[in-house]
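> Numbering-wise (our numbering), the sequence shown opens with residue 39 and increments by one. The C-beta atom is built at its ideal place from N, Cα and C for all residues, glycine as well. Since this is a predicted model, take the numbers as computed values, not measurements. I have a structure here, written as structure tokens, and I will follow up with some questions on it.
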Amino acid sequence: MNHPNLKNKLALPSLATVFFALAFYFALQLAPLPLSEYFLLAPQKWPVALQLTALGLSLSVAFIVVRVVGELVFFLFRKRKGYEAPSLLRDIFSLVAYAAGITIILKSFFPAISFGALLSGSALLGIILGLALQDTLGNLFAGVSLHADKPFQVGDVITVGKWVGTVESITWRAVKLRTFQNHVVMVSNSQVSKESIEVCPRGNANARLVSFGASYTESPVRVTHVVREALREVDNVLRYMTPIVRVRNLGESSIEYEVKYWLDDYARYNDTDALVRQRIWYAFSRAGMHFPHPMLTLNIERRAANGKPPIDGLGIVERLSTVDIFAPLTGEELKLLARSVSKHVFAPGETIIRAGDEGASMFVVHEGRVEVKVVQKGEMRTLGLLHDGDFFGEMALFTGEPRTAHVIAAEETTVLEIGYEAMKHLFDTNPDLVESLGQTIAERRAGLRVNAAVVPNQENGSAGLLASIKRFFKIK
Numbered sequence: 039m040n041h042p043n044l045k046n047k048l049a050l051p052s053l054a055t056v057f058f059a060l061a062f063y064f065a066l067q068l069a070p071l072p073l074s075e076y077f078l079l080a081p082q083k084w085p086v087a088l089q090l091t092a093l094g095l096s097l098s099v100a101f102i103v104v105r106v107v108g109e110l111v112f113f114l115f116r117k118r119k120g121y122e123a124p125s126l127l128r129d130i131f132s133l134v135a136y137a138a139g140i141t142i143i144l145k146s147f148f149p150a151i152s153f154g155a156l157l158s159g160s161a162l163l164g165i166i167l168g169l170a171l172q173d174t175l176g177n178l179f180a181g182v183s184l185h186a187d188k189p190f191q192v193g194d195v196i197t198v199g200k201w202v203g204t205v206e207s208i209t210w211r212a213v214k215l216r217t218f219q220n221h222v223v224m225v226s227n228s229q230v231s232k233e234s235i236e237v238c239p240r241g242n243a244n245a246r247l248v249s250f251g252a253s254y255t256e257s258p259v260r261v262t263h264v265v266r267e268a269l270r271e272v273d274n275v276l277r278y279m280t281p282i283v284r285v286r287n288l289g290e291s292s293i294e295y296e297v298k299y300w301l302d303d304y305a306r307y308n309d310t311d312a313l314v315r316q317r318i319w320y321a322f323s324r325a326g327m328h329f330p331h332p333m334l335t336l337n338i339e340r341r342a343a344n345g346k347p348p349i350d351g352l353g354i355v356e357r358l359s360t361v362d363i364f365a366p367l368t369g370e371e372l373k374l375l376a377r378s379v380s381k382h383v384f385a386p387g388e389t390i391i392r393a394g395d396e397g398a399s400m401f402v403v404h405e406g407r408v409e410v411k412v413v414q415k416g417e418m419r420t421l422g423l424l425h426d427g428d429f430f431g432e433m434a435l436f437t438g439e440p441r442t443a444h445v446i447a448a449e450e451t452t453v454l455e456i457g458y459e460a461m462k463h464l465f466d467t468n469p470d471l472v473e474s475l476g477q478t479i480a481e482r483r484a485g486l487r488v489n490a491a492v493v494p495n496q497e498n499g500s501a502g503l504l505a506s507i508k509r510f511f512k513i514k
């Protein structure tokens, strides 16, 4: 139970109990008869002072009992249901318990009072109050109905009229919503009972739809594959539910698609929708796909925000010339290699390669930063950061080994991918490159310490590595 909260609730009734107990004691001292004889008499025959103090003492004790029992009941409710009881239920319980306790005590002290006659006499007053408080009573009964039907609970995301938000509380008067602009809206229970309500239950696999367009030159099968891969590791998207990509319409300038995905926390759907659209854009950019639109396209040369020239063929050659394993290449060979390089842009948090994946390419960080991570003892551990000019995945390119680590973009990152065919063409043109590149890679691996987990040690030295490269590229 919530002990501090219970202490606060019992503070005032406890003080009242002490006060009336002392008053009862002093009244008893002034009474003509001993206490034992008063217990044999009906309370209405007691002296007025003794009668009033005993009544006050009984009422204050009753208040304490009701509050303690209420806390116990709703503590058990929370343990069984896993969430707090609605405040409306608490209020109704307290109202009924207090009314019953007061009625029993008054009947004990004043048995001559006819409560039936009292209720009958107040019927007219009840009608007047009912007409005056019809909106309030309407909210009360609507609240009782909401609690009985339980169409939603605290923590659910609901849409009522023009309001969308998370339910924070359900009282006897209104439902308290916190909108996604962090505003608090009080919607009266009577209004809630009249409106159509859309409920996205907390803990349920709620789905969202995001629309986008793609060119007619791209097959729906390819678009579906690219989008599903883009959404594999988006934050707040359930990974065990495969996104569904559907063709919505064949438009004038594009095929209109929608992707259906499921969220872990529906209250974050605005941010997740934006992240899904962002990942689709990056995935389309890497795949060479476009978002067509009936507009005039102007190709304007622009400079990057950091003042560096935009990436072009010359920029790629300059970047490759800074990679130490390509030191044996001549200028012409670097230009030849640059023509076959693929450029990819990744969003922050996107995975570039995964440990265990097959691959036959390596990557050079052109702009940005990436994190190198491995799984150790069931936990993802960061080994380090790679910056502009650093590279990874060379063993997959030169020997076909599976990837040994996860590499994830730490910010928006542009990487250059060098594939098997590009290196194969260089080796066919200049077979001597195999030995020089193999020697360079072996020397680098021999002195590698910080990234040892990224490129693990091999049992064989440069000779074994050279043999692996020749075998992989089918060079005799």
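Would you give the residue range spanned by the beta strand (DSSP E) that residue 301 belongs to?
As a first step, residue 301 must be located in the sequence shown, where it is residue number 263. 293 to 301 is the extent of the beta strand (DSSP E) around residue 301.
> Per DSSP, which residues does residue 203 bridge with? Please list them.
In the sequence shown, residue 203 corresponds to position 165, counting from 1. Answer is 196, 217, bridged to residue 203.
> Out of curiosity, what's the CA-to-CA distance linking residue 53 and residue 276?
Your numbering for residue 53 matches position 15 in the sequence shown. Your numbering for residue 276 matches position 238 in the sequence shown. Going from the Cα of residue 53 to the Cα of residue 276 covers about 54 Å.
> Compute the Euclidean distance between the alpha carbons of residue 68 and residue 90, then round it to the nearest angstrom.
Your numbering for residue 68 matches position 30 in the sequence shown. Your numbering for residue 90 matches position 52 in the sequence shown. So the alpha carbons of these two residues sit roughly 14 Å apart.
> Please work out which residues of its chain come closer than 8 Å, Cβ to Cβ, to residue 108, disregarding the five sequence neighbours upstream and downstream, and give them in chain order.
Taking the first residue of the sequence shown as position 1, residue 108 is located at position 70. Excluding sequence neighbours, residue 108 sits near 128, 131, 132, 135.
> With distances taken Cα to Cα, identify the nearest neighbour of residue 354 among 198, 92, 455.
Your numbering for residue 354 matches position 316 in the sequence shown. For the residues 198, 92, 455, the minimum Cα distance to residue 354 belongs to 455.
> State the Cα-Cα distance for the pair residue 285 and residue 117, rounded to the nearest angstrom.
Counting from one through the sequence shown, the residue named residue 285 turns up at place 247. Counting from one through the sequence shown, the residue named residue 117 turns up at place 79. About 47 Å.
> Count the other CB atoms, across all protein chains shown, that sit within 10 Å of the CB of residue 413; report buried if there are 16 or more and exposed otherwise.
For the purposes of this step, residue 413 is taken as residue 375 along the sequence shown, with counting starting at 1. Answer is exposed; the Cβ neighbour count stays below 16.
> If I measure Cβ to Cβ from residue 438 and keep anything under 7 Å in the same chain, skipping five residues before and after, which residues do I get?
In the sequence shown, counting from the first residue as 1, residue 438 sits at position 400. Cβ within range, chain order: 398, 510.
> Would you say residue 198 and residue 204 are within 8 Å of each other, going by their C-beta atoms?
The residue you call residue 198 lines up with position 160 of the sequence shown. The residue you call residue 204 lines up with position 166 of the sequence shown. Going by C-beta atoms, residue 198 is not nearer than 8 Å to residue 204.
> Contact between the segment 371 to 387 and the segment 422 to 435 is defined here as three or more beta-carbon pairs at a separation below 8 Å; is this criterion met?
Too few Cβ pairs lie closer than 8 Å, so no.
> Could you check the C-alpha separation between residue 266 and residue 282 for me, to the nearest Å?
Mapped onto the sequence shown, residue 266 falls at position 228. Mapped onto the sequence shown, residue 282 falls at position 244. Straight-line Cα distance between these residues: approximately 8 Å.
> Find the nearest neighbour of residue 221 within the set 237, 235, 206, judged by alpha-carbon distance.
By one-based count along the sequence shown, residue 221 stands at place 183. When each option's Cα is compared against that of residue 221, the closest is 206.
> What does a CB cutoff of less than 7 Å around residue 58 pick up in its chain, not counting 5 residues either side in sequence?
If you number the sequence shown from 1, residue 58 lands on position 20. Excluding positions up to five away in sequence, the list reads 91, 94, 95, 98.
> Kindly identify the DSSP beta-bridge partner or partners of residue 287.
Counted from its first residue, the sequence shown places residue 287 at position 249. Residue 287 pairs with 294.
> Using a Cβ-Cβ cut-off of 8 Å (strictly less than) and excluding sequence neighbours within five positions of residue 372, which residues of its own chain qualify?
Position 334 of the sequence shown, counted from the start, is the residue given in the question as residue 372. If we look at residue 372 and ignore the five residues flanking it on each side, its Cβ neighbours are 355, 358, 359, 364.
> Do residue 193 and residue 240 have their CB atoms nearer than 8 Å?
In the sequence shown, the residue the question calls residue 193 occupies position 155. In the sequence shown, the residue the question calls residue 240 occupies position 202. For residue 193 and residue 240, yes; Cβs fall inside 8 Å.
> For residue 67, which residues does DSSP report across the bridge?
Stepping through the sequence shown from its first residue, residue 67 is reached at position 29. Paired residues: none, contrary to the question.
> Kindly say whether residue 204, judged by its beta-carbon, lies nearer than 8 Å to any beta-carbon of chain B.
Judged by its chain identifiers, the structure shown contains no chain B, having just a single protein chain.
> On the DSSP bridge assignment, give the partners of residue 424 in chain order.
Locating residue 424 in the sequence shown gives position 386, counting from the first residue. According to DSSP, residue 424 bridges with 408.
> Note down the Cα distance separating residue 260 from residue 403, rounded to an integer number of angstroms.
What you label residue 260 is simply residue 222 of the sequence shown in a count that begins at 1. What you label residue 403 is simply residue 365 of the sequence shown in a count that begins at 1. Straight-line Cα distance between these residues: approximately 27 Å.
> Along the chain, where does the alpha helix (DSSP H) containing residue 244 start, and where does it finish?
As a first step, residue 244 is located in the sequence shown; it is residue number 206 there, counting from the start. Run containing residue 244: none in the alpha helix (DSSP H); it sits in the beta strand (DSSP E), 244 to 252.
> Between residue 23 and the rest of its own chain, which residues show a CB-CB distance below 8 Å, the 5 nearest in sequence each way excluded?
What is shown of the chain runs 39 to 514, which leaves residue 23 out entirely.
> Rounded to whole angstroms, what's the CA-CA distance from residue 303 to residue 409? Just pull it up for me.
Along the sequence shown, read from residue 1 onward, the residue named residue 303 stands at position 265. Along the sequence shown, read from residue 1 onward, the residue named residue 409 stands at position 371. If I take the Cα positions, the gap works out to 27 Å.
> State the Cα-Cα distance for the pair residue 327 and residue 290, rounded to the nearest angstrom.
Position 289 of the sequence shown, counting from 1, holds the residue named residue 327. Position 252 of the sequence shown, counting from 1, holds the residue named residue 290. The straight-line gap from Cα to Cα measures roughly 18 Å.
> With the cut-off set at 8 Å, would you say residue 406 and residue 478 are in Cβ contact?
Walking along the sequence shown from the start, residue 406 turns up at place 368. Walking along the sequence shown from the start, residue 478 turns up at place 440. Contact: no.
> Give me the Cα-Cα distance between residue 88 and residue 200, rounded to the nearest whole angstrom.
Numbered from 1 along the sequence shown, position 50 holds the residue referred to as residue 88. Numbered from 1 along the sequence shown, position 162 holds the residue referred to as residue 200. Looking at the two C-alpha atoms, the distance is approximately 60 Å.
> Mind checking residue 367: buried by the 16 CB within 10 Å criterion, or exposed?
Position 329 of the sequence shown, counting from 1, holds the residue named residue 367. The residue is buried, with at least 16 neighbouring Cβ atoms inside 10 Å.
> Going by other Cβ atoms of all chains shown within 10 Å of its Cβ, with 16 needed for buried, is residue 307 buried or exposed?
In the sequence shown, counting from the first residue as 1, residue 307 sits at position 269. Flag for residue 307 reads buried.
> Pick from 60, 394, 208, 202: whose alpha carbon is nearest that of residue 442?
Against the sequence shown, residue 442 aligns to sequence position 404. Comparing Cα positions, the closest option is 394.
> Do residue 318 and residue 251 have their C-beta atoms closer together than 8 Å?
The sequence position of residue 318 within the sequence shown is 280, counting from 1. The sequence position of residue 251 within the sequence shown is 213, counting from 1. No, these two residues do not count as a Cβ contact at 8 Å.
> By DSSP's criteria, residue 456 is part of a beta bridge. Which residues make up the other side?
For the purposes of this step, residue 456 is taken as the residue at position 418 of the sequence shown. The partner list for residue 456 (beta bridge, DSSP) reads 400.
> From what residue to what residue does the beta strand (DSSP E) around residue 447 run?
By 1-based counting over the sequence shown, the position of residue 447 is 409. Per DSSP, residue 447 belongs to the beta strand (DSSP E) from 444 to 447.
> According to DSSP, is residue 89 helix, strand or coil?
Walking along the sequence shown from the start, residue 89 turns up at place 51. DSSP places residue 89 in helix when its eight states are reduced to three.
> Helix, strand or coil, according to DSSP, for residue 191 in the structure here?
Position 153 of the sequence shown, counted from the start, is the residue given in the question as residue 191. Note: residue 191 maps to coil in three-state DSSP.
> Could you tell me whether the Cβ atoms of residue 274 and residue 310 are closer together than 8 Å?
As a working mapping, residue 274 is identified with position 236 in the sequence shown. As a working mapping, residue 310 is identified with position 272 in the sequence shown. Contact flag set, yes.
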